[in-house]
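In my numbering, the protein residues as written are 1 to 622.
Even for Gly, the Cβ is constructed at its ideal location relative to N, Cα and C.
Just so you know, these numbers come straight off a predicted model, no measurement behind them.
Structure record follows, encoded as structure tokens.
What follows is the structure, encoded as structure tokens:
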């Protein structure tokens with residue numbers, strides 16, 4: 001990806017690549033209101049939450065115009081916009097300085113601007129306004145999106161200058177991401193635009209244009225192709241209305257507390273049930289840990305998911321935590337073998353410098369500096385996040401029953417029970433036991449960290465074979481061991497020795513003082529992706545998709561069936577500080593029918609039914 005090659009023709013921004021201006025009037029916000037924002041007036045009274053999508057974010061003028069409209073409203077806006085070449089921060093600020101309008105909005109956007117890497121970047125712009133900036137070519141990023149827009153703004157450069165954003169495939173994707181009744185607005189009346197809309201199922205009408213433009217196009221989706229590709233990964237039914245609804249979260253680690261927070265922010269009454277007597281008793285309970293993505297070679301889905309999760313987590317923690325609990329000093333991930341050297345070096349020339357940069361001169365190995373990585377205090381973070389919730393301790397999950405009134409009854413091993421409208425399992429290493437009857441590859445992995453009297457004055461985490469965090473309150477944490485399916489709550493001397501050996505490049509391990517250890521259990525999946533999403537109806541899948549070996553490429557498979565209002569967010573492994581936040585956002589997207597915060601190809605990789613589907617596609621016995 002690269003930034004827009006922008007110049008100014010007088011005071012009007014001009015894109016050199018496409019040879020076209022961003023605005024063509026003296027007061028372009030008035031044209032934005034006339035052509036685009038006016039579509040909202042047609043449906044303003046019909047609902048309280050709107051999804052508006054756009055091709056061509058440009059300088060964000062249409063977004064800012066809607067921000068003004070929603071500023072003093074209780075209604076919510078979710079704005080999804082596609083951009084191939086984002087404008088540089090300094091150019092964006094200059095544009096609005098010249099216009100003399102929306103300067104505060106521009107400054108805020110610049111402060112939250114995503115790094116220059118393709119994919120979906122979610123920005124919580126205001127309490128009632130969410131912006132998903134989707135970086136990439138329209139024909140490549142649109143198939144990765146998942147939502148049903150109320151309104152589309154088609155505001156790319158003129159069809160004669162940038163035909164690819166007005167192609168037949170793009171119009172088909174716009175129709176897919178719409179519902180019957182969705183409104184489309186655009187300034188253009190070019191033949192390819194009118195034909196593209198009609199062929200995609202839209203009823204076109206021409207309206208009076210703005211100022212010197214004689215006409216503009218308006219359209220409404222009349223019919224939609226309902227054939228589903230990958231029907232087994234189709235979204236679940238959302239909750240009809242949040243008003244008066246309760247959500248029960250099982251588990252009070254980072255995943256559970258983040259999920260509870262996101263649901264509460266969106267109107268649910270949330271209760272958390274925790275099996276132990278305090279929060280963060282398992283993988284989330286460490287004294288100190290690192291927030292950093294797993295970096296794979298470019299284009300690998302596992303790495304793409306981790307970068308998305310990392311960026312979401314950085315924004316979440318910066319917005320919600322006091323600085324005493326997390327320090328965004330960056331971290332160094334060392335390439336301690338030839339394979340890692342090749343992997344990290346493969347990012348050179350990929351424009352990922354906003355996130356991390358390969359440095360061959362680092363010692364004791366070459367490696368990458370990850371810019372906004374952090375060291376954090378997971379246990380204290382959980383305590384902080386838990387302060388606003390009702391948490392029921394010593395409530396260990398036993399069973400669940402779906403009731404005729406639509407609620408879910410949950411029984412606990414203390415003989416008590418609760419009812420809720422929505423149930424979310426954030427159960428970490430206990431998930432393998434709870435879901436033993438499901439075809440999910442979940443395992444529990446024992447990990448031990450070692451607590452040292454401070455020995456190294458590092459201001460950021462260092463990661464090689466093992467990791468060493470900066471000292472916090474007189475304790476320096478190193479780690480960590482991995483022992484799959486091993487149960488032993490007592491720390492082991494040999495594990496402390498292993499942890500010391502794995503960081504021996506950084507200090508003389510013969511002169512350290514061990515002051516403690518901690519054992520925790522992480523949950524892992526068989527493919528290293530977390531397991532996040534709606535819980536599928538296992539029997540439905542086995543019955544209706546048993547012929548996938550022959551029919552996997554057809555579009556007429558039945559739509560997926562799920563256990564109603566039941567979700568999971570676990571198998572985060574050793575990077576749960578990042579992926580747990582992705583899980584919280586993704587589950588809330590599903591519950592509320594919001595646009596997905598992650599690309600569809602990655603949503604499929606996280607789906608709880610993916611292991612079963614892989615077996616069915618191969619014709620294996622289930």
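Burial state of residue i, where buried means 16 or more other Cβ atoms lie within 10 Å
{"i": "residue 622", "result": "exposed"}
{"i": "residue 549", "result": "exposed"}
{"i": "residue 31", "result": "buried"}
{"i": "residue 8", "result": "exposed"}
{"i": "residue 255", "result": "buried"}
{"i": "residue 571", "result": "buried"}
{"i": "residue 387", "result": "exposed"}
{"i": "residue 72", "result": "exposed"}
{"i": "residue 214", "result": "exposed"}
{"i": "residue 44", "result": "exposed"}
{"i": "residue 132", "result": "buried"}
{"i": "residue 348", "result": "exposed"}
Contact set for residue i: own chain, Cβ-Cβ below 6 angstroms, skip 5 residues either direction
{"i": "residue 218", "result": "185, 205 and 207"}
{"i": "residue 82", "result": "55, 134, 138 and 141"}
{"i": "residue 611", "result": "439, 440 and 441"}
{"i": "residue 446", "result": "483, 486 and 521"}
{"i": "residue 307", "result": "293"}
{"i": "residue 457", "result": "none"}
{"i": "residue 58", "result": "22"}
Check whether residue i and residue j have beta carbons under 9 angstroms apart
{"i": "residue 365", "j": "residue 505", "result": "yes"}
{"i": "residue 588", "j": "residue 313", "result": "no"}
{"i": "residue 287", "j": "residue 383", "result": "no"}
{"i": "residue 329", "j": "residue 375", "result": "yes"}
{"i": "residue 150", "j": "residue 47", "result": "yes"}
{"i": "residue 268", "j": "residue 252", "result": "no"}
{"i": "residue 23", "j": "residue 61", "result": "yes"}
{"i": "residue 273", "j": "residue 391", "result": "yes"}
{"i": "residue 613", "j": "residue 233", "result": "yes"}
{"i": "residue 466", "j": "residue 501", "result": "yes"}
{"i": "residue 512", "j": "residue 453", "result": "yes"}
{"i": "residue 174", "j": "residue 39", "result": "no"}
{"i": "residue 122", "j": "residue 585", "result": "yes"}
{"i": "residue 309", "j": "residue 469", "result": "no"}
Endpoints, beta strand (DSSP E) assigned at residue i
{"i": "residue 443", "result": "442-452"}
{"i": "residue 87", "result": "Here residue 87 belongs to no beta strand (DSSP E), and DSSP marks it neither H nor E."}
{"i": "residue 216", "result": "215-221"}
{"i": "residue 124", "result": "119-126"}
{"i": "residue 523", "result": "514-525"}
{"i": "residue 476", "result": "476-479"}
{"i": "residue 359", "result": "356-359"}
{"i": "residue 417", "result": "417-420"}
{"i": "residue 202", "result": "202-208"}
{"i": "residue 132", "result": "129-135"}
{"i": "residue 185", "result": "178-186"}
Beta-carbon separation (whole angstroms), residue i vs residue j, contact threshold 8 angstroms
{"i": "residue 544", "j": "residue 558", "result": "5 angstroms"}
{"i": "residue 180", "j": "residue 221", "result": "6 angstroms"}
{"i": "residue 103", "j": "residue 96", "result": "5 angstroms"}
{"i": "residue 444", "j": "residue 429", "result": "4 angstroms"}
{"i": "residue 52", "j": "residue 77", "result": "7 angstroms"}
Range of the contiguous alpha helix (DSSP H) that encloses residue i
{"i": "residue 152", "result": "Where residue 152 is concerned, there is no enclosing alpha helix (DSSP H), although the beta strand (DSSP E) it sits in stretches over 149-154."}
{"i": "residue 589", "result": "576-592"}
{"i": "residue 303", "result": "301-320"}
{"i": "residue 140", "result": "138-141"}
{"i": "residue 374", "result": "That residue, residue 374, is in no alpha helix (DSSP H); its beta strand (DSSP E) goes 374-376."}
{"i": "residue 28", "result": "28-32"}
{"i": "residue 65", "result": "61-70"}
{"i": "residue 494", "result": "493-502"}
{"i": "residue 165", "result": "Counting along the chain, residue 165 falls outside any alpha helix (DSSP H), and DSSP gives it neither H nor E."}
{"i": "residue 259", "result": "254-265"}
{"i": "residue 58", "result": "No alpha helix (DSSP H) contains residue 58, which DSSP labels as neither H nor E."}
{"i": "residue 611", "result": "610-618"}
{"i": "residue 196", "result": "191-199"}
{"i": "residue 434", "result": "431-434"}
Own chain, CB closer than 7 angstroms to residue i, minus 5 neighbours either side, in chain order
{"i": "residue 2", "result": "85 and 351"}
{"i": "residue 583", "result": "255, 259, 530, 532 and 569"}
{"i": "residue 346", "result": "297 and 298"}
{"i": "residue 623", "result": "Absent from the structure is residue 623, since the part of the chain shown begins at 1 and ends at 622."}
{"i": "residue 101", "result": "29"}
{"i": "residue 98", "result": "11"}
{"i": "residue 325", "result": "376, 377, 380, 381 and 384"}
{"i": "residue 357", "result": "368 and 369"}
Own chain residues within Cβ distance below 8 angstroms of residue i, not counting five before or after
{"i": "residue 20", "result": "14, 157, 158, 161 and 162"}
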